[in-house]
Amino acid sequence: MKRSALTAALLAPLVIFALLPLAVLVVRGLRSPDAWGLLVDPATFAALRGTTITSAGAAAIAFGLGLPLGLLLGRTDLPWSRAWRALFALPAAVPPFIFAMGWQLLANPRTGLLNTALHLHVDIYSSTGIAFVLGLSALPLVLLPTLASLEQVDAAWEEAARLAGAGPWRTLRDVALPLALPAAGSGAALAFLSSASAFGVPYLLGVTASPPIPTLTTRIWAQVLLGAHGLDQAGALALWLLGLSTLVLALAQRLGKRGRVSLASGKGARRTRLPLGPSRVAVSATTGLVAFVLVVLPLLVVVVASLQKNFGTFDAFTTAHWARLSHDTRTLGAFGQSALLALGTGVIVTGAGLALAWARSRLGQPFGAVAWLAAWPYAIPGTVLALGLILAFSLDTRVVLFDSVALVLALMNTSWLLLVAFSVRHLALGLRAARDGLERVDRSLAEAARLSGANRLRAFLDGTLPQLRGPLVAGFTLAVLASLTELTMATLLLPPGTDLLGTLLFELMSYADPAGAAVLACAVVAVVLLGQAAIAAAAPRKVAS
Amino acid sequence: MRWLCALLLLAGCRIERVSPSAGAAEGGDEPQGDLWVYTSMYRHVVDALDPVIAKALPKVKVHWFQGGSEKVMARLEAELAAGGTQADVVLTSDPFFYQRFKDEGRWLRYVSPNAVRVSRQLIDPDGAFTAVRLSTMVMIRGKDAAAPESFGALREPPFKDQVALGDALTSGTAFTWAVFTESARGDPWFRMLRLNGARVAGGNAAVLQKVQSGEAKVGVVLLENALKAKAEGAPIEIAWPADGAVVIPGDAAIFSTTRHRRAAEGLIDVLLSPEGQDVIVRLGDMHGVDPRAAGPRGEPGVEGLLVRSQPWTEGMRESGAQTGEQVKRRFREAFSQ
Amino acid sequence: MAAVTLEAVHKSYGKNHIVRGVSLTVADGSFLSLLGPSGCGKTTTLRMIAGLERLDSGRIAIGGGEVDGPAAHVPPERRGLGMVFQSYAVWPHRTVAENVAYPLERQGLNRSERDARIREALAQVRLEAFADRQPHALSGGQLQRVALARALVGRPKVLLLDEPLSNLDAALKEELRAEIAALRARLGTTMIAVTHDQAEALALADQVAVMRAGVLEQVATPQALYAEPNSPFVAGFVGGANVLDGEVRGGAFVLGGVRLELPTAVGDGPCTLVLRPEDAVLEPTGTLPLAARLFLGATTEYRLQLGDVALRVLGPPHPFAQPGTTVGLTLRAARVFPRELR
Ligand SMILES: Nc1ncnc2c1ncn2[C@@H]1O[C@H](COP(=O)(O)OP(=O)(O)OP(=O)(O)O)[C@@H](O)[C@H]1O
Ligand SMILES: [Mg+2]
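Listed below in structure tokens is the structure:
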């Protein structure tokens, strides 16, 4: 295919499905009455401040936890590293608001269990609280890519440091850490974006704070609800999020530049695990404690609460909520539909991310800017993206053939639109993963294939792609888990007669049945854990990296 | 590669052929066709309504888009902005939205024969919309907490730091409540609530959960949520305010762009019929509008409710629809102090 | 099978001119060794021949047809080449046999043919026993041999070797050199090899090209290069000659107050003296301090001090020449270049 044709083929879906909906929104927004006044309104600035603080905090927490955990799990002989890995990846599958619910039960200032039982004084209704919960939810965004990139590091580099006189900790710090930084950094940037576009957690925790903590997402939604020009003005407000996301990505790019080295070069990388020595027990215990407090405890509280007659108090045990849900046939259907949609999203996102990353490294412009563009749908609230898609696609596109047959591209009210929405939203995950991976594979691997007679595409598939397995699996996993329980876009775009886990969750929440929502969320967690175990059992344990 | 793309595109397409049978206009008097209904009614209520509708309107196929009132409105706005909605009937609980769309001339006028018994304050005088169900904002309290006498009492010292309210900015019901209570008590009302330590907590579910778990002692919440929680054993009591509960009519209206007018009218007739009202009351835990129907879970029926609540006047809808933004701003500013 | 021709090939990365006007012809079936100091552009030149880098200007032809130039760019996979990468580029996700099989897969050979060819190639690099190993479990030299087997298994018209034997022991190197030579004799493959090992370059090559900072200094047969280096750089680089800056005065080379009589007559003036270590003979009497004496097996190396410059001389193990004593020196042959050339 000619270069220009290839470029067009790659860019067209991105432009049509990702940029068009945003462009429609933004253009309408800027043309709406008083858009500029709204953009610089003091309340908008307060929201911008709230978003920046909570998202930066969340990114810092995800980074601060994810990077050391990645080093520990990826490069040392810490026992049960697979189990830890699965556990710490869990927050990606649990809707953040379930975590928020858990922390609300644990750390609300008046009746929170931590506060009453341990006499602490933590207040989850605060910027710190929001950042904390968002940061935990975003932990896998940092952890999984970090682990994937560390997989490609040759042990010789660490061994060289050991021989130069560095102890195990020093070696981690001086060799593995700098090599993991780019992946962890871009993960942190994604954590920022996902936090900035989050609605559930800032809403659940932010409005109750005293005074309430406004964020751009809550403000945008409030603007939509004003009706009339509200929708358009919300589009204008979303500009702040787009700007913020571009800024953060540029920053991450700049910071990450130094550490980009090719790791997979074709000289054969051995992996050995750095022995922790005497500190192994202490480190294991600490990791366990961290996992328990940060991941298990909030979920456990939610599970226990769902087994109470009265959600939120802990005195009367009942299995009624569980029994009710297990009888509901819709739950099962929703599981199937959601799984299908999530897997489809994962495949599309990974494939498209790979194609764009490849185009970026091979075709250069205009793909350099694609990284920014692809991140936009991830940086705005799901509601806004969904509304943009409705704006762009609610009317059918009709092509009439021979005056009698019409091909009608009708996305609205089909599962395709949901697939488009999920894929567009999570494209950033796939693109990041592919870029991080590609940048680390030495080009000689593809070149050797070309000299063996493979064309460009073939050489990429045979020489480069297999080295990307780790990063791509990480991106795929993140996209699938995030789509599995997505509920904002799902509720707005759901075709009639369909059920998804997200919409069921939303329904349970809004029908004043938090226990039911908790049960469903726990069921999702259980299924995800089982799925991971099954994958782990089925996958051959390759020694090779 | 190119062929693959084309194939994928085709897979997403629907193929239509022009033939005499397809898409024929409604003939005769029998309502028929595909009817799109956007609603905030709970899913299980919708499920229970389906057979009732199927019996009364056998040739009508109803497609539901179901979500919260706010989501329904947002989707409608977006579709209308894009050039048109496919919705024929809207059934949500957002009185100001119906008023606004009426002012924009979007509704078809229709008064159902089944509405003869319905109180006039629940029907638009011009027939643009009719309430088919009623949600009610009341107060709830924890079992061991003192009962507030009225909404006004929430700013009094006994309830300092004990009140949870819905967020007027994002919850339609909380907003309606805010409009009513503010118009009764004037400008400083929100600030006084705030000074008394009232906390804002998302939507009705969040308020309920805060009172249930003891995080707050008193809350303002929808009657239907409170009734259901109480029936399931939550340690809460319902407190009817002496200054009048706030009734939030769940209206039904037909878009003037509908292509299935007869079917849409038939649907509203069904909802107002004794069978329809029965499903709404029994499964939705809310009041019907037909005075012959009992109230939910042993509560008195609609006439008893209207006695206990603040009256809806036409002016109220107008002012709420036009000054809602200012009410929201005052609410926001009061609580960000 | 195919001659390789480079014409005024130019390549720069940004502002750095890496290859500057290289012209070169490698006759069909001949062996060219590319020599030069690290970073001079050898790999870059090979990569351009392979089609992995585009030229800035100039043209390249393989087997008579232009593969790169203003008019054409034939992609690497259609040039019929084999290459051993300096970084080996052995695919970590394929076993040794699978790595070697790849070019044959691309040629569409069936399985039985393929297996035979793979066995043959692995035998040539002495890796028969390692066919099913994963690359991460191989030594550096073994990896290099996998890369070599992969490059030659497809019987390319032209084989590009970027330091193909650098990681091997002397005996194995010798064996593989013989294999490569045999292969060339059998198949008539044209070969271009980058090497740092002069013995290798001089022993295998029909032609040696010496490169320096992106420019070809000299292209000649090994003998000619050795006998007639056209610059002190080539002489210094190829023969390991002593390169001394000094002055000719009255038929003798003068440096640091020491006079060395030249075997041939040269006019006076500043010059550069190129003296091969084996072209000087130690005398028992003289004034040059002997700094060190190294036993090299067949010969002995002596380090003399010429003012503050060191001079290497090879010779038999003279009993008189002990470190700390002074000796004399007679030049049997030497080349003198005007100073500017350097
Ligand atoms: N992609 C690149 N971008 C910029 N400079 C490059 C690039 N590749 C090589 N160079 C520079 O070009 C010069 C020649 O590189 P090349 O790899 O051809 O050297 P070489 O002769 O093969 O050296 P060696 O014997 O050490 O392998 C070097 O100075 C190198 O730094
Ligand atoms: Mg090189």
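Chains as they are written, first to last, in our numbering: chain A, 1166 to 1710; chain B, 9 to 345; chain C, 114 to 455.
Virtual Cβ for every residue (Gly too), placed ideally from N, Cα, C.
Values in this document were obtained by computation on a predicted structure and should not be read as measured data.
Contact test: residue i Cβ vs ligand 1 heavy atom, cutoff 8 Å
i: C:Tyr126; result: yes
i: C:Gly352; result: no
i: C:Ile131; result: yes
i: C:Met196; result: no
i: A:Met1577; result: no
i: C:Cys153; result: yes
i: A:Val1763; result: Since the first and last residues shown for chain A are 1166 and 1710, residue 1763 of chain A lies out of range.
i: C:His59; result: Lying outside 114 to 455, the shown extent of chain C, residue 59 of chain C is not represented and no answer is given.
i: C:Glu276; result: yes
i: A:Gly1529; result: no
i: C:Gly171; result: no
i: A:Thr1219; result: no
i: C:Gly149; result: yes
i: B:Met81; result: no
i: C:Thr158; result: yes
i: A:Met1266; result: no
i: C:Met324; result: yes
Of the listed residues the options, nearest to residue i (C-alpha basis)
i: B:Val208; options: B:Gln170, B:Thr138 and B:Ser317; result: B:Gln170
i: A:Gly1202; options: A:Ala1507, A:Gln1398 and A:Thr1629; result: A:Gln1398
i: C:Leu194; options: C:Ala185, C:Gly164, C:Gln331 and C:Ala283; result: C:Gly164
i: C:Glu190; options: A:Phe1587, A:Phe1479, A:Arg1623 and A:Tyr1543; result: A:Arg1623
i: B:Asp152; options: B:Pro243, B:Ala86, B:Arg83 and B:Glu78; result: B:Pro243
i: B:Asp134; options: B:Ser120, B:Leu280 and B:Thr144; result: B:Ser120
i: C:Met161; options: C:Val139, C:Arg268 and C:Val132; result: C:Val132
i: B:Gly332; options: A:Gly1392, A:Ala1374 and A:Ser1197; result: A:Gly1392
i: B:Trp185; options: B:Ala161, B:Ala213 and B:Thr144; result: B:Thr144
i: C:Val180; options: C:Ala116, C:Asp381 and C:Leu217; result: C:Ala116
Under the three-state DSSP convention, the category residue i falls into
i: B:Lys63; result: helix
i: B:Glu333; result: helix
i: A:Cys1687; result: helix
i: B:Glu164; result: coil
i: B:Asn212; result: helix
i: B:Lys238; result: helix
i: C:Thr412; result: coil
i: C:Lys155; result: helix
i: C:Arg172; result: strand
i: C:Tyr126; result: strand
i: C:Pro451; result: strand
i: C:Ala115; result: coil
i: B:Glu34; result: In this predicted model, B:Glu34 has a pLDDT of only 47, less than 50, meaning its place in the structure is not dependable; the value taken from the coordinates is given anyway. B:Glu34: coil per DSSP, three-state reduction.
i: A:Thr1281; result: helix
i: B:Pro28; result: A caution first: B:Pro28 carries a pLDDT of 43, below 50, which makes its placement in the model too unreliable to give a value.
Bounding residues of the beta strand (DSSP E) (the contiguous stretch that carries residue i)
i: C:Arg258; result: First-last for C:Arg258: Gly253 to Val266, but that is the alpha helix (DSSP H), not the beta strand (DSSP E).
i: B:Trp44; result: Gly41 to Thr47
i: C:Met304; result: Thr303 to Val307
i: B:Trp72; result: Val68 to Gln74
i: B:Ile256; result: Val254 to Phe263
Limits of the alpha helix (DSSP H) - the one that residue i falls within
i: B:Glu190; result: Gly180 to Arg193
i: B:Gly222; result: Segment: none, B:Gly222 is in no alpha helix (DSSP H) and carries neither H nor E.
i: A:Phe1711; result: It is not possible to answer for residue 1711 of chain A, since the shown part of chain A is limited to 1166 through 1710.
Distance cut-off 8 Å: residue i Cβ against heavy atoms of ligand 3
i: A:Ala1639; result: Ligand 3 is not part of this structure, which contains only ligand 1 and ligand 2.
Item to check | Under 5 Å, CB to nearest heavy atom of ligand 2: contacting residues | outcome: C:Thr156 and C:Gln199
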